[in-house]
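In the numbering used here, the protein residues as written are 87 to 490.
What follows is a single structure, written as structure tokens, with notes after it.
Right, here's the structure in full:
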């Protein structure tokens, strides 16, 4: 379940304005338009439509009724988020968060809405969200969208498989600078500080010893504090790098009990959820920072995968600690994945041959549809690593071949 961030700057869709109905500001389609199969268009969608060609997006983001957040008060710093291990015992999030934050479900990541197309500062105010292309839902796809709200219980084999693969992202980042949610070309020309720091932490974790363990834990605390302190100045690319870095730190702390940081990391999952939600919202209105189709796709796909990984990580942590129960299924089922997973590992020439900008392969499907589309006549060995991990989590119990 994802929240709805209210703002007087957001404008209702044209269909709701015409009928004089209250719009819930859902993206890519509000609830009323989705139910009535109407064309849901927001007044501020022109910027994205001008930049990209129009395609059908099959993922609807819902906006459950929870207490809205006053974005002007949503300024996260060391006083509202437990930053270090020493603070864990004295800081209780329910008591320290503002009333608006205290009322939030930690899994509010799917909230979307039309927002103001102008920005005075990179991270302040209404951080708006986007898929990679115009936020329009094809009317022909509306009847096919399913509401998947049931929680899922993963088997021990599924949980251990996924945890093992996620933990492997740390040495992958240290050795290659890339993971299944950080593309190898993403930071070739420019490296934000958050990315450099996460690579350093990953490398330090690989050579962890009893003697340097304290250095590792204090360095992670320091890097997260630095991220929190700089949050209000992030550009879109820096925001993406910061969320990616926090995912790396969370993987290390949640799944390495030797560091004794699991309790703190568990509390800071709310920080990961909030930053990811703002990143996901922000991208709808801000122009792509890249200047060509290939780099643009890499940036957009990295952002999509990062947001999905943020939710997926919290879901698998819930399964790891609660007997297989995954509380993030309603969110995960609706998040987008690229139909052609091979694009991620293709070089520029192969990528051009597949023409993702103009063919079906470049379009998006929901994670739920990816799961339901898996059948026994398909070969797990041919799956890209990213898709296989996603499918193990939702189909591993039904098809043991995925675990092989």
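In this text, a Cβ means the ideal position worked out from N, Cα and C, and glycines have one as well.
Small disclaimer: the values here were computed from a predicted structure and weren't measured.
- prompt: Can you list the alpha helix (DSSP H) stretches of 4 or more residues lying completely in the region 324-371, in chain order?
  reply: Taken in chain order, the complete alpha helix (DSSP H) segments of 4 or more residues contained in the region 324-371 are 348-353 and 355-368.
As assigned by DSSP and simplified to three states, the class of residue 422: Annotated three-state conformation of residue 422 is strand, per DSSP.
- request: Assuming residue 335 and residue 310 form a contact by the criterion Cβ under 8 Å, report the distance between their Cβ atoms to the nearest whole angstrom.
  value: Rounded, the Cβ-Cβ distance is 6 Å, consistent with contact.
field: Residues bridged to residue 450 [DSSP beta-bridge criterion]
entry: For residue 450, which the question treats as bridged, DSSP gives the partners 424.
message: By the three-class DSSP mapping on this structure, what secondary structure does residue 412 have?
response: When DSSP states are grouped into helix, strand and coil, residue 412 belongs to the strand group.
message: Between which residues of its own chain and residue 403 is the CB-CB distance below 6 Å, once the five residues before and five after are set aside?
response: Same-chain partners within the cutoff: 340.
query: According to the Cβ coordinates, are residue 328 and residue 350 closer than 9 Å?
result: Cβ distance not < 9 Å, so residue 328 and residue 350 don't count as in contact.
Alpha carbon of residue 348 to alpha carbon of residue 129, nearest angstrom: Residue 348 and residue 129: Cα-Cα distance of roughly 44 Å.
Inter-residue Cα distance where the pair is residue 401 and residue 414: Per the coordinates, the alpha-carbon of residue 401 lies some 5 Å from the alpha-carbon of residue 414.
- request: Just the C-alpha distance for residue 37 and residue 297, rounded to the nearest angstrom, thanks.
  value: It is not possible to answer for residue 37, since the shown part of the chain is limited to 87 through 490.
- request: Excluding the 5 residues preceding and the 5 following residue 251 in the sequence, name in chain order all residues of the same chain whose CB lies nearer than 6 Å to its CB.
  value: Counting only Cβ-Cβ distances below 6 Å, and skipping sequence neighbours, we find 475.
query: What is the DSSP secondary structure of residue 238, counted as helix, strand or coil?
result: Three-state DSSP puts residue 238 in a strand.
message: With distance defined between alpha-carbon atoms, name the residue in 358, 302, 268 and 304 nearest to residue 323.
response: Comparing Cα positions, the closest option is 268.
message: residue 266 and residue 472 - do their beta-carbons sit closer together than 9 Å?
response: In contact: residue 472 and residue 266 (Cβ atoms closer than 9 Å).
field: Own chain residues within Cβ distance below 7 Å of residue 376, not counting five before or after
entry: Counting only Cβ-Cβ distances below 7 Å, and skipping sequence neighbours, we find 382 and 385.
Chain C contact for residue 297 (CB, 9 Å cutoff): You won't find chain C in this structure, because it holds only one protein chain.
task: Hey, could you find the ends of the alpha helix (DSSP H) residue 395 is sitting in?
output: Here the alpha helix (DSSP H) through residue 395 covers 379-407.
- prompt: Which of helix, strand or coil does DSSP assign to residue 265?
  reply: Three-state result, residue 265: strand.
query: Rounded to whole angstroms, how far is the Cβ of residue 325 from the Cβ of residue 368, which I believe are closer than 8 Å?
result: At roughly 7 Å, the Cβ-Cβ gap stays under 8 Å, so residue 325 and residue 368 are in contact.
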